[in-house]
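The opening position of the sequence shown corresponds to residue 209 in our numbering, with each subsequent residue numbered one higher.
One structure is given here, and the rest of the page talks about it.
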Amino acid sequence: MINSRISGVLAAAAFLIVPAQGTADSAAQAAANAPPPIRLAPPKTEAPPPGTQAPPPAAQPAPLLKQPPPLVPDQPAKKIDKAVEVSPLQAVDPDSAGVLDQTKGGFGVDMWAGASRELVERLLPQLPVKAPSPVMHDLMRRLLLSIARAPAGERVASSLIALRVERLAAMGDAAGVSQLLDAAPTQKSDEGLSRTRVNSLFLADDTKGACDRVNDLIHEYAAPFWQKAFAYCQIVAGDKEKARLSISLLREAEADKDPAFFALARLLLGDTKKTMDAVSAATPLEIVMLRAAKQPLPADIAASADPAVLQAVASSPDADEAARLNAAERAEAAGVLAADRLAKIYSEVSFKPEELANALSEAEKDGGARGRALLYQAAVNQGVPTARAGVLQAAWKLARKNGVYGTSARVNAPLLAEMTPASELMWFAADAGRALFVAGERAHGVMWYDLAASAAARDPDARKAQAELWPVAAISDSENHVALDSDSVRQWLATEKDLNAEGWQDRAALALGLLNALGAPIDPADWGRLVTATRSQSETPGLALWTALHDARDDNRIGETVLFAMLVLGDKGPGGASPIVAGAAVASLEAVGLSDEARKLAVEAAVGAGL
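Next up, the structure:
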């Protein structure tokens, strides 16, 4: 009933959409013959009349992404005649499509070899896209975008492509959504996939890309979503009269009661006489309309853990300042907002001169994201190394207290990279090195470790700094720069016990567990010193998932190993996982050849646990 009403309503507006054609005589003849109404959409191309020659086709642009080669087993050729041999055509499974081969970070065409399709389709929707871990975000994105043969077995979901697209959209990866759909072989039009693509473009603030899609698909679908999106796109294009008619007809048809949409449409059309109530929740279309109308986003929208929404709020200059800062920090932690973009958002916050002059005390008083933005600006303005070091140290202390240390380390890393390790900054060496290792700046982090190690024998501050940095430096080190023999381990254990007596065994157990997961030999006697470590109270995965991870790792099934490792870490990420869980995930990635990713994940786990 709704679809038929909408189709009739749209047909009645045809004269506003389709331009007049022909001469005055033909127009009069058309009026006399009373032609039927035309749909509210670009007309489809029709075949030429019989006996006429079709015009030559317009040149088509080369596709942006090449179609992946058919992923089918080789088949024996069938002989047609003595001169020609051909292989039978094989249907290309669209679920095998992707955009990343192994040279671009993909996990290989055989990454699902040995996997059950039913299991993969059931578990993919559970990927923890909210986890505050850029390393996990990168691994999940690559898993979803890899070119790979679909796992064998019976289907459970209607489409593996659809499952992958949904997870990419939830991650806020609009580019990945579009690339994956463009790479898929031609298949039957799927309204759900099309809607997901448009929504992801809206949330990524790509209104032009979204409207291009809407204009292409409006004649295919009659659901209210498409009609409302089309009306908004008319407003954006400056076709306000057409938009007024579309919105008026939508309201009359009562296809969907949506007061927020109609109120926002009135504002965008210039009707300022009527006010609108605050929006308590917002769809992707309403978020982009709120931004266009310069209306505040819902006050609690940043409470959403959906990375796609967080990214949209962070990109909205008209959002409430506190909501925008919180969303931006959480989006960076989830890997959907670049650290330099967060730095720009920090720099746009307005502070009084006296606040900048007393940044340390003001930030401590604020205690939140605005305080961290203040400290960022203060660090930028400090040209004296010791003064900048003091500000950065305060920023990281505040960030650790609020659970966003990794974000603070990454956003401030460029400021730290401008500083040269020096003996007068020994008190800052541990903080500097740790932040650089977390930010992935290994070479510069090792410089601060070397500074401490070179003076550890004669300087108590240097000895303490070396002890604090040794586990993270060793975990991060892939070039054997940091000593990792039994003597080094025992020296660190003794120093850690001496300098940080409270809880030292738990921290030591985590450090040795992660190093062991990366393949470092740990003497059984060193483990024996830690057997009284407190039993972890962190959540552990179910036995079935735990066993599946180990089986996949032992059989070198890379796709399942990455999938299960992400699931055992869960929404809390490596920083919130127990030492046993974090170690298992790290060891599994290491075992299937993802050594660099394993080290980065281990660094997140170590620093998240306080090392």
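For each residue, glycine too, the CB sits at the ideal point set by N, CA and C.
Values in this document were obtained by computation on a predicted structure and should not be read as measured data.
* Between the beta-carbon of Glu540 and the beta-carbon of Leu550, is there less than 9 Å? -> In contact: Glu540 and Leu550 (Cβ atoms closer than 9 Å).
* Asked: Mind pulling the beta strand (DSSP E) runs of 3 or more residues that sit fully within the stretch 338-366?
  -> Uninterrupted beta strand (DSSP E) stretches at least 3 residues long and entirely within the stretch 338-366 do not occur.
* With distances taken Cα to Cα, identify the nearest neighbour of Gly322 among His345, Pro359, His758. => The shortest C-alpha separation from Gly322 is found at Pro359.
* Asked: Going by beta carbon distance, what residues of the same chain come within less than 8 Å of Arg578, once the five residues before and after it are set aside?
  -> Cβ neighbours of Arg578 beyond the five flanking positions: Glu529, Ala530, Leu533, Val557.
* Asked: Alpha carbon to alpha carbon, how far is Asp695 from Ala682?
  -> One C-alpha to the other measures close to 14 Å.
* Would you say Ala535 and Val337 are within 9 Å of each other, going by their C-beta atoms? -> The beta carbons of Ala535 and Val337 sit no closer together than 9 Å.
* To do: Can you give me the start and stop residues for the alpha helix (DSSP H) that Phe636 sits inside?
  => No alpha helix (DSSP H) contains Phe636, which DSSP labels as neither H nor E.
* **DSSP three-state assignment for Leu308, whether helix, strand or coil** => In the three-state scheme derived from DSSP, where H, G and I count as helix and E and B as strand, Leu308 is classed as strand.
* **Spatial distance of Ala451 from Ala651 (CA atoms)** => Rounded to whole angstroms, Ala451 to Ala651 spans 57 Å at the Cα level.
* Asked: Skipping 5 residues on each side, what residues in its chain have a beta carbon closer than 6 Å to that of Tyr584?
  -> Around Tyr584: Tyr554.
* Candidates Asp424, Ala790, Leu351, Met319: which alpha carbon is nearest Leu388's? -> With distances taken between Cα atoms, Leu388 lies closest to Leu351.
* Asked: Which one or two residues does DSSP pair with Ser324 in a beta bridge?
  -> Bridge partners of Ser324: Ala360.
* Which runs of the beta strand (DSSP E) spanning at least 3 residues fall entirely within the stretch 484-571, listed in chain order? -> Correct list: empty.
* Asked: Mind checking Glu428: buried by the 16 CB within 10 Å criterion, or exposed?
  -> Answer is exposed; the Cβ neighbour count stays below 16.
* Asked: Could you give the distance in angstroms between the alpha-carbon of Ala664 and the alpha-carbon of Ala719?
  -> One C-alpha to the other measures close to 21 Å.
* Nearest to Glu399 (by Cα), restricted to the options Arg421, Ala702, Ala391, Met379 -> Checked all of Arg421, Ala702, Ala391, Met379; the closest Cα to Glu399 is Arg421.
* What's the C-alpha gap between Pro276 and Ala391? -> Bear in mind that the predicted position of Pro276 carries a pLDDT of just 42, short of 50, making it too unreliable to give a figure here.
* Look at Leu677 and Ala637 and say whether their C-beta atoms are less than 9 Å apart. => Their beta carbons are under 9 Å apart, which means Leu677 touches Ala637 by this criterion.
* Please state if the CB of Leu472 and the CB of Glu494 are separated by a distance shorter than 9 Å. => With contacts defined by Cβ atoms closer than 9 Å, Glu494 and Leu472 form a contacting pair.
* First and last residue of the uninterrupted alpha helix (DSSP H) at Ala717 -> Ala717 -> alpha helix (DSSP H) spans 712-725.
* Taking one C-beta from the stretch 796-814 and one from the stretch 764-774 each time, how about it: are there three or more such pairs within less than 8 Å? -> The stretch 796-814 vs the stretch 764-774: in contact.
* To do: Counting only the same chain and skipping the five closest in sequence on each side, list residues whose C-beta sits under 8 Å from that of Asp466.
  => Closer than 8 Å at Cβ, skipping near neighbours: Pro432, Lys436.
* If you count every other CB in all the chains shown that lies within 10 Å of the CB of Leu692, and 16 or more means buried, which is it? -> By the C-beta density criterion, Leu692 is buried, having at least 16 other C-beta atoms within 10 angstroms.
* Asked: What are the boundary residues of the alpha helix (DSSP H) that includes Tyr657?
  -> That run of the alpha helix (DSSP H) goes 650-663.
* Taking the runs of the alpha helix (DSSP H) that are 4 residues or longer, which of them lie wholly in the stretch 366-441? -> List check, alpha helix (DSSP H) in window: 368-378, 382-391, 399-411, 415-425.
* To do: Flag this pair as yes or no: are the beta carbons of Ala587 and Arg596 separated by less than 9 Å?
  => Their beta carbons are under 9 Å apart, which means Ala587 touches Arg596 by this criterion.
* Give every residue of the same chain whose Cβ lies closer than 7 Å to the Cβ of Lys609, excluding the five residues on either side of it in the sequence, and list them in chain order. => The beta carbon of Lys609 sits closer than 7 Å to none of the beta carbons in its chain outside the five residues before and after it.
* For Asp381, is the classification buried or exposed, using 16 other Cβ atoms within 10 angstroms of its Cβ as the cut-off for buried? -> Its Cβ being crowded by 16 or more others within 10 Å, Asp381 is buried.
* Asked: What residues in its chain sit with their C-beta under 6 Å from that of Val770, if we drop five residues either side in the sequence?
  -> Answer for Val770: Leu347, Leu351, listed in chain order.
* Tell me whether His689 sits in a helix, a strand or coil according to DSSP, three-state version. => If DSSP states are grouped into helix, strand and coil, His689 belongs with coil.
* **Proximity to Ala157 [Cα-Cα], best of Ala643, Leu331, Leu707** => Absent from the model: residue 157. The displayed extent of the chain is 209 to 819, so no value can be given.
* Asked: Would you call the CB atoms of Pro593 and Ala643 closer than 9 Å?
  -> Taking 9 Å as the Cβ cut-off, Pro593 and Ala643 do not qualify as a contacting pair.
* Asked: Should Gly653 go down as buried or exposed, given a rule of 16 or more other Cβ atoms within 10 Å for buried?
  -> With 16 or more other Cβ atoms within 10 Å, it is buried.
* Grab me the residues of Arg807's own chain with a C-beta within less than 7 Å of its C-beta, minus the 5 sequence neighbours each way, in chain order. => Beyond the five residues adjoining it in sequence on each side, Arg807 comes within less than 7 Å, by CB distance, of Ile683, Ser684, Ser686, Leu726 in the same chain, given in chain order.
* Asked: Could you check where the alpha helix (DSSP H) with Glu183 kicks off and where it finishes?
  -> The requested residue 183 does not occur in the structure, where the chain is confined to residues 209 to 819.
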